[in-house]
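Presented below is the structure to which this report refers.
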Amino acid sequence: MIGSLDPRHREATVIGAGISGLLVAYALKKRGFKIRVFDSSSRAGGLIETRTTAFGPAETAAHSLMVNDRGSSFFEELGIELAPVQPESKARYIYRKGKMRRFPLTFLETLHTLRSFFSKPAHPINPASASLADWARTYIGEPVLRNLLAPFVTGVYAATPEELLLSTAFPSLVPIDPRRSLFWNVLAARKKPGREKNRPKMMAPKDGMESVIHKLKDLIGPDLYLNHPIHELPDVPNLVVCVPPTDLAGLIEESDPDSANALRAVRASPLVTITAFARSVDFQNGPPRGVGVLIPRNEGLRILGVLFNSSSFPGRAHEPETVSMTVMLGGTTDPDAVNLDDEQITGLITRELGSLLGFQGTLLHREITRWPWAIPVYSQLLQDARLLLSKGFFSRPGRVLFTNYSKDVSIRGMIDSLRLFS
Ligand SMILES: Cc1cc2nc3c(=O)[nH]c(=O)nc-3n(C[C@H](O)[C@H](O)[C@H](O)COP(=O)(O)OP(=O)(O)OC[C@H]3O[C@@H](n4cnc5c(N)ncnc54)[C@H](O)[C@@H]3O)c2cc1C
1469 MIGSLDPRHR EATVIGAGIS GLLVAYALKK RGFKIRVFDS SSRAGGLIET
1519 RTTAFGPAET AAHSLMVNDR GSSFFEELGI ELAPVQPESK ARYIYRKGKM
1569 RRFPLTFLET LHTLRSFFSK PAHPINPASA SLADWARTYI GEPVLRNLLA
1619 PFVTGVYAAT PEELLLSTAF PSLVPIDPRR SLFWNVLAAR KKPGREKNRP
1669 KMMAPKDGME SVIHKLKDLI GPDLYLNHPI HELPDVPNLV VCVPPTDLAG
1719 LIEESDPDSA NALRAVRASP LVTITAFARS VDFQNGPPRG VGVLIPRNEG
1769 LRILGVLFNS SSFPGRAHEP ETVSMTVMLG GTTDPDAVNL DDEQITGLIT
1819 RELGSLLGFQ GTLLHREITR WPWAIPVYSQ LLQDARLLLS KGFFSRPGRV
1869 LFTNYSKDVS IRGMIDSLRL FS
C-alpha cells in the first residue's frame, strides 16, 4: 500500500469494490472502523467474476491463488473452502520444439545454467534499475531466461522480462550482494529473518473466485454502495483508494497533476481469456493432465498459456467426459489479440490447441473475456508513479492507495498486505 491511515479517526471511505477494495474494507470493519465503500459498477468484484455455463464455471480473471499460512487462516476465517491442485495433476509444462516438456532445457543449456548459477557475475547489475531480463542474463543465463522465465512472467504479468523492473516485480530476487553468484545469494536469502518457512500452495476457492467476492460483500453489508461513481475524491478522515491507474489519474488531476501524468504513462497488458469446454475423446493423446502449459514467444503460437482447469481442480466441468481449459491470448507482445472477433478467436485457439494438445474436434462452448487494460506492467514507469504518489497526494496521513499496482498484482500479495491495516 502507499500512504497511511490517520490514527486519530476510526472511520474510512473506500473507493472501488474490486477485490482490493473489499479486502481492505473487511479488514478495517473487523478492526471496528465505521466504513463506507463506493463502486461505479452495478456489481462488486471488478475484474473477478465466475460465470455459470451449461458445461461448468468460467472465471473471467483470477482463477486461483498461491496460499501461504496467512492466506490459509484468512480463508478459514471467511469460511471459504479452498481446493488444492489435485495430487495426480501437479505437472506444469513449457512447450518447446513442438512438445510439452516438464524440463525444457537441453543438456548443454543445463550445463550453461549451472555454470552461471555458481559463478560470480562479470558485470553485476544495478538492483535499482535492472530489468528482470538483466538479472537473468547476469546470474542464470539466456537459456533459462528464454525458456523458463519469459513464459512464466508472460503467464503472470502478460509482459516480457525486458519490460519488468526487477525491484518492483520481483523484489525477492534482488541480490543481497550483486557482486556474488546467485548460489551465494540464495543461501544468504535463506538466512534472512522473517523468511516464509512453508512454500505457498496453488489453490482455488471450491465455488469459484467470485464466492470470495460474495462473502466479503455479505460481511460488509449495507455499507457497500454500488452504482455509485466517485467523480471527486471526498475530503474525509480516512480515504482508501482502490481503483485502476487511469481512474485515479482523473480523480487527482487537479490536486496532484504530476502523479496524474505519471499514472497515465503506466502501461497495462491487454489480455483475452477464453474458458473453453471440449470432449475428452477429442484429444488424440487423451485429455490434458496437469496444471497447464506456457508457451515461449519463439515457438510460433499466439496462445500464451493454457490452464487445465478440470484436471487441476474439482468441479470445473459438470461431466467427467468434459474438459475445461482457460486459454490466454494477448499480452504486451500481441496487443491486437483483444481486437479479434469471437469467430477469429475460436478458429485460432482450435487450431493451436491441435498443435499443443492434439485436440481434433469442435469446442463445446467458449466463454471469451477481453481485457484491454488487464494487468499493469510493473516497469520503471510504475515505480516512478508510485514514488510521486507517495510524495504527492498520498503523503498526507489519512490517504491510502491499496490496489493491484500499489505493491502486488496477485491476490495473495493483497491478503499479505492486509496485516498493515491490523
Ligand atoms: C486475465 C487475468 C487473470 C488473472 N489471474 C490471476 C490469478 O490467477 N491469481 C491472482 O492472484 N491474480 C490474478 N489476476 C490479477 C487479479 O485478478 C487482479 O489484480 C485483481 O482482481 C485486481 O483487483 P482490484 O480490486 O485492484 O482492481 P479491479 O478489479 O479493477 O477493481 C477496481 C474497481 O474500482 C471501481 N472503480 C473504478 N473507478 C471508480 C470510481 N471513479 N468510482 C467508484 N468506483 C470505481 C471499478 O468499478 C472496479 O470495481 C488476473 C488478472 C487478469 C486480468
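For the sequence shown, our numbering begins at 1469 and goes up steadily by one.
In this text, a Cβ means the ideal position worked out from N, Cα and C, and glycines have one as well.
Counting every other CB atom within 10 Å of its CB across the protein chains shown gives K1685 a total of 16 or more, marking it as buried.
Judged by DSSP secondary structure, V1845 falls outside any beta strand (DSSP E); it is assigned neither H nor E.
Distances from the CA of R1605 to each of P1865, F1651, H1591 were compared; the closest alpha carbon is that of H1591. Between ligand 1 and I1836, a heavy atom-to-CB distance of less than 7 Å is absent.
Ligand 1 has a heavy atom closer than 7 Å to the beta-carbon of N1872. Here the stretch 1849-1858 lies against the stretch 1724-1733, with 3 or more beta-carbon pairs under 8 Å apart.
Here M1469 has V1868, L1869, F1870, S1874, K1875, S1885, L1888 as same chain residues with Cβ atoms under 7 Å from its own Cβ, once five neighbours each way along the sequence are excluded. Only residues of its own chain outside the window of five on either side were considered, and among them none has a CB closer than 7 Å to the CB of D1675.
For T1790, the closest alpha carbon among the candidates G1547, S1779, S1541 is that of S1779. In the displayed model, T1578 falls within a helix according to three-state DSSP. Around the beta carbon of H1699, fewer than 16 other beta carbons sit within 10 angstroms, so the residue counts as exposed. The three-state reading of DSSP puts I1516 in coil, since its state is none of H, G, I, E or B. Inclusion of A1485 and I1879 in the CB contact set at 8 Å is not warranted, their separation being larger than that value.
The bridge partners DSSP lists for E1664 come to none. One thing to note: L1633 has its Cβ no nearer than 8 Å to the Cβ of P1572. In this structure, V1877 has its CB closer than 7 Å to one or more heavy atoms of ligand 1. The DSSP assignment places complete alpha helix (DSSP H) segments of no fewer than 4 residues inside the stretch 1790-1844 at 1810-1825, in order along the chain.
For Y1494, the CB contacts under 8 Å within the same chain, skipping 5 residues up- and downstream, are L1684, L1687, I1688 in chain order.
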